[in-house]
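Engineer: Pasting a structure here, questions to come.
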Amino acid sequence: SFMIETPYAKERMSAKENLEKQRLQKGIPDRKRIDEVLKIVNLENTGKKSVRNFSLGMRQRLGLANALLGKPEFMVLDEPINGLDPEGIVEIRELFRKLNKDENITLVISSHILSELSLLCTDYVFINHGRIKGTFTEEELKAACSEYIQINTDNNEKASSLLIERCHIEKMDVIKDSGIRTYEKLDEIKDISEMLYENGVIPVEIAKNAVSLEDYYMKMVSEV
């Protein structure tokens, strides 16, 4: 089954009435399924409350309940957290985990909110202008979005040479207007700073950071 970004529902109907309408249209014989899916998405206590009085998070959960009516094994979700407040995002994220673990449903989520996907997904496909730019498991992506030391000095060219010669750092990027990123010796910030200073290079900035999923994606799609 699938759920579009803005699920449709009759505004003046309750959650249960909307699902009964959908059940009949889909030819699902089991009326008990409505109560089952309402419980799964935590809408079982909404009673006669009309959808027009639902929060955006409740509307999204009702859309998921509709998609669950037919007991799917595979669901496609388009921007399911778009427009939600932080509390609503957490609710939907936990619901996705529940659907995957307890209902044994495979979820395919299409979204541009990469930071949220990084908290949830197990496999990733990056698409740009209709072309697949890369596929990763959760472990592979975590390795790619690694921690690094951000270094900026009064002489980055000399600093990069010193890092190679004195600290034997091989995994390093020199980024124009952004300084140096080293992916080794992450626990030796104090020693690196002292080494640079002792060799006539003044550290302006030196701190441990991490590559965000957004940064990694932007770097990937910018590559020819």
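When we follow my numbering, the leftmost residue of the sequence shown carries the number 93, and every step to the right adds one. Every residue gets a Cβ at the ideal spot worked out from N, C-alpha and C, and that includes glycine.
#1: Provide the residue span of the alpha helix (DSSP H) that contains residue 105, from first to last.
#2: Would you kindly work out how many angstroms separate the C-alpha atoms of residue 128 and residue 208, rounded to a whole number?
#3: If we ignore side chains and look at the alpha-carbon of each, how far apart do residue 196 and residue 214 end up?
#4: Taking DSSP as the reference, what is the three-state secondary structure of residue 161?
#5: Would you mind reading off the limits of the alpha helix (DSSP H) that contains residue 281?
#6: Alpha carbon to alpha carbon, how far is residue 115 from residue 318? Give it in angstroms, no decimals.
#7: Using C-beta distances below 8 Å, list every residue in its chain close to residue 277, excluding the 5 sequence neighbours before and after it, in chain order.
#8: Let me know the beta strand (DSSP E) ranges lying completely inside the stretch 213 to 279, each 3 residues or longer, listed in chain order.
#9: Which partner residues does residue 297 have in the DSSP bridge list?
#10: Report yes or no: do three or more beta-carbon pairs, one from the stretch 144 to 151 and one from the stretch 168 to 187, lie closer than 8 Å?
#11: If I follow the unbroken beta strand (DSSP E) through residue 168, where does it start and stop?
#12: Within a Cβ cutoff of 6 Å, which residues of the same chain sit near residue 243, ignoring the five residues on either side of it in sequence?
#13: Would a check of beta-carbon distances place residue 311 closer than 9 Å to chain D?
#14: Compare the C-alpha of residue 226 against each of 93, 104, 130, 313 and name the closest.
#15: When the Cα of residue 105 is compared with those of 117, 126, 142, which residue comes out closest?
#16: Please state whether the Cβ-Cβ distance between residue 155 and residue 120 is less than 9 Å.
#17: Roughly how many whole angstroms lie between the Cα atoms of residue 257 and residue 301?
#18: If you reduce the DSSP assignment to three classes, tell me which class residue 188 lands in.
Structural biologist: Looking at the coordinates:
#1: That residue, residue 105, is in no alpha helix (DSSP H); it is neither H nor E in DSSP.
#2: Whole-angstrom Cα-Cα distance: 28 Å.
#3: Here the alpha carbons of residue 214 and residue 196 stand approximately 14 Å from one another.
#4: Coil.
#5: Segment 281 to 290, the alpha helix (DSSP H) holding residue 281.
#6: Since the displayed the chain opens at 93 and closes at 316, residue 318 lies outside it and no answer follows.
#7: Excluding positions up to five away in sequence, the list reads 241, 259, 261, 283, 284.
#8: DSSP runs (the beta strand (DSSP E)) wholly in the stretch 213 to 279: 215 to 220, 223 to 229, 239 to 245, 264 to 267, 271 to 274.
#9: Residue 297 pairs with 244.
#10: Because the criterion of three Cβ pairs below 8 Å is met, the stretch 144 to 151 and the stretch 168 to 187 touch.
#11: Counting along the chain, the beta strand (DSSP E) containing residue 168 begins and ends at 166 to 170.
#12: Same-chain partners within the cutoff: 271, 272, 298.
#13: Judged by its chain identifiers, the structure shown contains no chain D, having just a single protein chain.
#14: The shortest C-alpha separation from residue 226 is found at 313.
#15: Closest option to residue 105, Cα to Cα, is 142.
#16: Their beta carbons are not under 9 Å apart, which means residue 155 does not touch residue 120 by this criterion.
#17: If you draw a straight line from the Cα of residue 257 to the Cα of residue 301, it comes to about 23 Å.
#18: Three-state result, residue 188: helix.
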